[in-house]
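Enquirer: In our numbering, the protein residues as written are 57 to 211.
Cβ coordinates follow ideal geometry from the N, Cα and C atoms, glycine included.
Quick caveat, the model's predicted, so the values are computed rather than measured.
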């Protein structure tokens with residue numbers, strides 16, 4: 057019997073990567089405070105410590121918030137001139153939800169295999185107990201959605 061699931065597709069997503077940032081939680085808090093004060097709604101977040109003193113922070117926003125986010129990045133460069141930033145717009149997010157995801161093994165495998173079969177360019181993946189969020193360039197999303205639906209129908 058197929059797994060009970062739902063898919064949501066959201067377009068117009070920007071991925072921002074901040075590299076060489078201080079690997080101190082207080083600094084990350086300051087970044088999100090600045091984004092909040094500019095009215096930027098942050099969605100997916102990934103924080104990767106690179107070394108003891110520096111790390112990489114990735115997060116997604118709606119494309120319409122890009123101007124405000126770029127303003128924050130400019131302010132951050134004043135505080136930390138060595139910060140590196142990459143901005144990648146025109147992405148889509150696919151969210152897969154299922155109330156039994158945390159009870160069934162092989163879900164991550166099925167998702168990654170489905171994406172590999174359609175050669176999707178996966179930019180970011182985040183998970184929660186009952187959902188998986190996938191970020192990819194918008195042109196990849198329709199084919200990825202079809203491939204994922206086939207994979208989940210056979211689980």
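Please identify the residue among 77, 209, 160, 71 whose C-alpha is closest to the C-alpha of residue 137.
Expert: Closest option to residue 137, Cα to Cα, is 77.
Enquirer: Quick check on this structure: which residue in 211, 209, 201, 193 has the alpha carbon closest to the alpha carbon of residue 71?
Expert: The option with the nearest alpha carbon to residue 71 is 193.
Enquirer: DSSP on residue 144, reduced to helix/strand/coil?
Expert: It is a strand residue.
Enquirer: At the level of alpha carbons, what is the spacing between residue 189 and residue 170?
Expert: C-alpha separation (whole angstroms): 14 Å.
Enquirer: Would residue 177 and residue 145 be called neighbours here (beta carbons separated by less than 9 Å)?
Expert: It is not a contact, given that the beta carbons lie outside the stated cut-off.
Enquirer: Residue 154 by DSSP, collapsed to three states: which one?
Expert: Reduced to three states, the DSSP call for residue 154 is coil.
Enquirer: In the DSSP assignment, what residue or residues form a beta bridge with residue 62?
Expert: Note: residue 62 sits in a beta bridge opposite 153.
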